[in-house]
Each structure stands twice: as C-alpha cells, then as structure tokens.
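*Asks:* Got a structure here, written out as structure tokens. Questions coming.
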Amino acid sequence: MAPVPAVCIENVHKRFGAVKALHGVSFNIAQGEFFGLLGPNGAGKSTLINALAGLTRADRGQLNIMGYDVVREYRRARMSVGVVPQELVYDPFFTVREFLRFQSGYFGVAKQSRQWVDELLEVLDLTEKADVNMRALSGGMKRRVLIGQALVHKPPVVVLDEPTAGVDVELRQQLWFFIRRLHQEGHTIVLTTHYLEEAEQLCERIAIIDRGELIALDTKSDLLARGIFRSLHVVASRDIESVPVKVRDKVKAVHGCSMELRLRRDSDSVVEVLDTIRGAGIDVRDIHMEDDDLEDVFIQLTRRSPASETSGGSV
Ligand code: ADP
Ligand code: MG
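Shown next as structure tokens:
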C-alpha cells in the first residue's frame, strides 16, 4: 500500500464575501517532498495554508494532513503540521523561551521538549535572545521564533508561508540551510514564496495558483520545459553590422559581435536560424542556448509578475 500523502487537498472552496479566495483546488503532496506553492499576491496561497492549519475553515472540500481530516480530526492533524504564518502574530509579553515553552505546552509535549526547545534556540541562533521579550526583537528575529514555534512538537509536515519576506540576505541563507536540513531529516516541506529563484533552487515539485485556482502542478524541470521561448546567443568573429531580415523579429539585442535571439520552442529551428545568419555573411564563432527560468514561465502562465496584485473579486 502506498504511504498516506503528507497533504491531501480536495476540491477546496473558500469565499470572503464576494471574493473567491479558493475555487475548487485539489492536489496531494507526498511524504518527504520539498513542495513549492507559488502564485501572485492575492492568489489564495495563505488562505489555503490557513485552511490546512485549521486557522480558517474551508466552505467546501476536504483537507487532510498525514491522513487526518483537519476539521474532524483537528487535534491529530494539528499535531502533524507546523505552520510558520505569513503574518507575525505573537504575545509581546512573553520572552522567546516562554513563548516556545508555552507552545510546547499547547501541544502537550512540554516535558519532553525542554531539551528540544534549547536545541531550537541554538540552531535558530536565538540563545542570546532567549530571555528577551518578543516585542523587543527585530522582524527577522521574530521570524526565527515563529519558525521555532512551528517546530516545538517535531511535526512531520512543515509549512512555511513566505518565510523570507522582508528578511535580510544573511538570515535568508541561514533559514534555507536550516529548512534544507529539516528536509534531509525527513520532514515534508511546503513553502510559499514570491522569490521564484528560491523556489527554483529548493523545490522538487511546484504548484502555481492564480485567482483561487490551480493552474499548474509539475516537477520543476517539467515546468521549466513549458517555457514558450528560449534564448540563442550567437558570437561572431567581427562586429555584427546588420541583422538578416528573415530573423529580425527574433532578435532581442545586438552588442558588438554578439547577438541574442528569442526562439519559440515549438516552431523555431535553431539550425535554420543559424543557417540564415551564416548565409548573411556573419561568421559564427560560438553559440549557446538558454532556457527560460521559472520567472519567465510563471509570467507566461499567470500573465503577471509574481509580486503584482490581482483584483481579488474577479473570476
Ligand atoms: P496570497 O497569500 O496568495 O497573497 P490570500 O490567500 O492572502 O492570497 O488572499 C486571497 C484573496 O482572499 C485575496 O483577494 C484577499 O484579499 C482575500 N482575503 C484573504 N483573507 C481575507 C479575509 N480574512 N477577509 C477578506 N478577504 C480576504
Ligand atoms: Mg499570502
């Protein structure tokens, strides 16, 4: 029998008044995956994650974590997942250590987890701040505490909603190192980010949602292969004075002896294009091809850049 999926999302709908935040989203995440959930601002990513965490209730559909229904088996589902929310919510009167201990108490694991809390403080570089009030911490530090908070009960599934938004480069790299380690130790990781290069580096499979609907779900390599265009870079032995008419509409840039062309994957032949260029008397010395990156594919699929706003009410 196949192992139960880490996350199972089936036909989930959620409205906020007139806004359809989620409109029939379904997909599964296998145990041990490093999964990316991408989409423009307002696409419904946080709503989906909050529904998984039991923070908001879906109007329709079903969500399971490690086989447990997040509504009917809330307690077990909640024990199986650690969520780092997008919004920083915390009690400003707690110290960092108190906050983490309190959380472990909530999960009924306070006794077993004293040592684990100390370990978390250490690995998140918070030991020095352990007895400082939450309200006195910088945004980046608070983010670390919230990651610790998501892990106090050692959940098999870890969900991070934009964990690196507004975080400086150094902390970002530390966080990725730490999250990679969690993944290597066997945790299932679900990550939303609008830094596409992060998703491109880290995630094995990627779902793209847009206006509350799933518009793509694929391995990273298959998603990248969906790019409509690729680039051909040509280097000639001399400066390129004029571009052959036949390929002029494909030329993106000419700089001295080099030229970049955008070719359609489905209909442009690299060989024919090169023949045309050589036929026009350009002595080609070197070429290289470059695939579109995830950001290009994302824009083609959603027709928006990752950080742009969508009008929430539209269908
Ligand atoms: P994302 O995380 O992808 O940026 P969200 O899930 O936060 O998107 O939001 C999806 C849509 O639902 C947006 O149009 C947002 O304005 C709306 N929305 C989210 N939460 C609420 C709420 N509590 N009340 C009203 N509208 C909401
Ligand atoms: Mg969000």
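Numbers given in our numbering equal positions in the sequence shown, counted from 1, plus 45. Even glycine gets a Cβ: it sits at the ideal position worked out from N, Cα and C.
#1: I'd like to confirm the pairing. Which residues does DSSP put opposite His239 in its beta bridges?
#2: Can you grab the Cα-Cα spacing for the pair Leu306 / Gly326, in whole Å?
#3: Alpha carbons only, please: which of Val203, Gly257, Val299 and Asn178 is nearest the one belonging to Thr92?
#4: Compute every distance between the C-beta of Gln131 and the non-hydrogen atoms of the ligand MG, then say whether any falls below 6 Å.
#5: Kindly indicate which residue of Ile332, Glu317, Val70 and Ile251 has the alpha-carbon position closest to the one of Asp263.
#6: Identify the residues that DSSP records as bridge partners of Ala281: which are they?
#7: Taking only runs that begin and end inside the region 215-260, name each unbroken alpha helix (DSSP H) of 4 or more residues, in chain order.
#8: Here's the rule: buried if 16 or more other CB atoms are within 10 angstroms of the residue's CB, otherwise exposed. What is Asp206?
#9: Considering only residues of the same chain and omitting the five flanking positions on each side of Ala103, which have a CB-CB separation below 6 Å?
#10: Given the structure, does Ser91 come close to the ligand MG, in the sense that its CB is under 6 Å from one of the ligand's heavy atoms?
#11: What's the gap between the Cα of Arg142 and the Cα of Arg105?
#12: According to DSSP, is Ile322 helix, strand or coil?
#13: For the region 281-298 against the region 322-341, do three or more pairs of beta-carbon atoms, one drawn from each stretch, fall closer than 8 Å, so that the two count as touching?
#14: Report whether the distance from the Cβ of Phe138 to the nearest heavy atom of the ligand ADP is below 6 Å.
#15: What's the gap between the Cα of Gly358 and the Cα of Ile253?
#16: Just to confirm, does Gly69 get its C-beta within under 6 Å of one of the non-hydrogen atoms of the ligand ADP?
#17: Please list, in chain order, all residues of the same chain as Ala75 whose beta carbon is under 7 Å from its beta carbon, the five residues on each side excluded.
#18: Please classify Ala260 as buried or exposed, where buried requires at least 16 other C-beta atoms within 10 Å of its C-beta.
*Replies:* The short version:
#1: Bridge partners of His239: none, in fact.
#2: 17 Å
#3: Gly257
#4: yes
#5: Ile251
#6: Val329
#7: 241-247
#8: buried
#9: Val57, Lys59 and Ala96
#10: yes
#11: 38 Å
#12: helix
#13: yes
#14: no
#15: Only weak support is given to the placement of Gly358: the predicted model assigns it a pLDDT of 37, under 50, and the value that follows is read from those uncertain coordinates. About 19 Å.
#16: no
#17: Pro50 and Ala51
#18: The amino acid at residue 260 is misidentified as Ala; the sequence shows Ile. Ile260 is exposed by the Cβ-count criterion.
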